[in-house]
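Presented below is the structure to which this report refers.
Number of protein chains: 2
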Amino acid sequence: MARVRHDRLDCSPGCAVEATLQFIDGKWKGVILYHLLSSTLRFNEIRRRLPSVTPRMLTTQLRELESDGFVARKVFPEVPPKVEYSLTERGRSLEPVVMALKAWGDAHAGVAAKAA
Amino acid sequence: MARVRHDRLDCSPGCAVEATLQFIDGKWKGVILYHLLSSTLRFNEIRRRLPSVTPRMLTTQLRELESDGFVARKVFPEVPPKVEYSLTERGRSLEPVVMALKAWGDAHAGVAAKAA
DNA sequence: GCCTATAGTGTCGAAAAGGATACCGTGATG
DNA sequence: CATCACGGTATCCTTTTCGACACTATAGGC
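Those protein sequences? They're chains A and B, same order as listed. Using UniProt numbering, the letters of the first sequence map in sequence onto residues 1 to 116. Using UniProt numbering, the letters of the second sequence map in sequence onto residues 1 to 116.
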């Protein structure tokens, strides 16, 4: 599972913010969720969208997303192995969050532009 | 500055998501931003809201938020030192993001409840 | 017989993030 | 004179995270 940001809930109301962050933290989770919002993808399809992620990292991130209940992993017992990753209901519930992140990034970070 | 999540922008459109995450990542930044959305706060006022953060961490997080242009630090040359932290325009622009995070946390994580 | 693709796993090590603890100067207060 | 509050620093150490790289099984194609 991802880093546990706080065990103590001593951040009062703002804690919910961190609680959410806890789940989408992880170097690639944001992008993975984003891509899965558009469609179900296979392992290597995700890799192709994220060229610099190593298989090990991708596995880790997907497994965490799975155990957090955001992603469903469906294995097809075929011979070139086939595994599909899709969002669960819970995963889709993150859509507003992911979209807010993307909107801000597009508007303020310019995707590549450094902070003003 | 916070961890650099990616230098390569090879995550295509989803990259904006990570770009944003990059800024609010950092164990306490989310909550700090959240609290500053309500009011300007002094160093120790923030500490009191986040009892388990050490002064060192708080300084680090605030300095990063400052250098990312989200927070303004105003020093009053008084004698019990007085320093006020407030959000900049850029900081306020994160409001929808922070609120989306909080909304999801309230709705799905129950602030304390573990994943369903 | 060798290469390809798929979906991973294993091991190792470096680097970054975070935590604990102690300490600083100043001026007012007791 | 000693203590307190303020806003931090400095130092050290542990934990977590990430990346490189090699390696696996299976079936089909050439």
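Note that beta-carbon positions come from the ideal geometry of N, C-alpha and C, so glycine has one too.
In the structure shown, what three-state DSSP assignment does residue i receive?
i              : result
G105 (chain B) : helix
V83 (chain A)  : strand
E78 (chain A)  : coil
S93 (chain B)  : coil
V98 (chain B)  : helix
T88 (chain B)  : coil
A113 (chain B) : Here the model assigns A113 (chain B) a pLDDT of 42, short of 50, so the residue's position is not dependable and the matter cannot be decided.
If contacts are defined as beta-carbon pairs under 8 Å, then residue i and residue j qualify, I think. What distance do you get, rounded to the angstrom?
i             : j             : result
F76 (chain A) : L33 (chain A) : Going by Cβ atoms, the distance from F76 (chain A) to L33 (chain A) rounds to 23 Å, so no, they are not a contact pair.
L58 (chain A) : R47 (chain A) : 6 Å
G26 (chain A) : H35 (chain B) : The pair is not a contact, with the Cβ atoms about 25 Å apart (cut-off 8 Å).
L62 (chain A) : V31 (chain A) : Actually they are not in contact, since the Cβ atoms of L62 (chain A) and V31 (chain A) sit about 12 Å apart, beyond 8 Å.
T20 (chain A) : V97 (chain A) : 7 Å
Have a look at the options and flag the residue whose alpha-carbon is nearest the alpha-carbon of residue i.
i                     : options                        : result
S93 (chain A)         : B:L94, B:A72, B:L37 and B:A107 : B:A107
E66 (chain A)         : A:L37, A:L50 and A:Y85         : A:Y85
residue 118 (chain B) : B:V97, B:G91 and B:A103        : Missing from the structure shown is residue 118 (chain B); chain B here goes from 1 to 116 and no further.
V17 (chain B)         : A:M57, A:K29 and A:T54         : A:K29
T88 (chain B)         : B:G14, B:V79, B:R73 and B:M99  : B:R73
R80 (chain B)         : B:P13, B:T59 and B:F43         : The displayed chain sequence assigns Pro, not Arg, to residue 80 (chain B). Ranking B:P13, B:T59 and B:F43 by Cα distance to P80 (chain B) puts B:F43 first.
E64 (chain A)         : A:Q22, A:C15 and A:G14         : A:Q22
W104 (chain A)        : B:T54, B:W104 and B:A100       : B:A100
L41 (chain B)         : B:A19, B:K82, B:T60 and B:I24  : B:K82
Would you check whether the ligand SAH has a heavy atom nearer than 7 Å to the C-beta of residue i?
i              : result
A107 (chain B) : Among the components modelled here there is no ligand, and therefore nothing to report on the ligand SAH.
Please go through the region 1-76 of chain B and give each complete alpha helix (DSSP H) segment of 4 or more residues, from N-terminal end onward. 15-24, 29-38, 43-49 and 55-67
Residues of the region 76-107 of chain B with a CB closer than 9 Å to any CB of chain A: list them in chain order, please. R90, S93, L94, P96, V97, V98, M99, A100, L101, K102, A103, W104, G105, D106 and A107
Counting only Cβ-Cβ distances shorter than 8 Å, please list the residues of the region 61-72 of chain B near chain A, keeping chain order. D68 and G69
Under 9 Å, CB to CB, which of the residues in the region 16-27 of chain B have a partner in chain A? The region 16-27 of chain B vs chain A, Cβ under 9 Å: A16, V17, E18, A19, T20, L21, Q22, F23, I24, D25 and K27.
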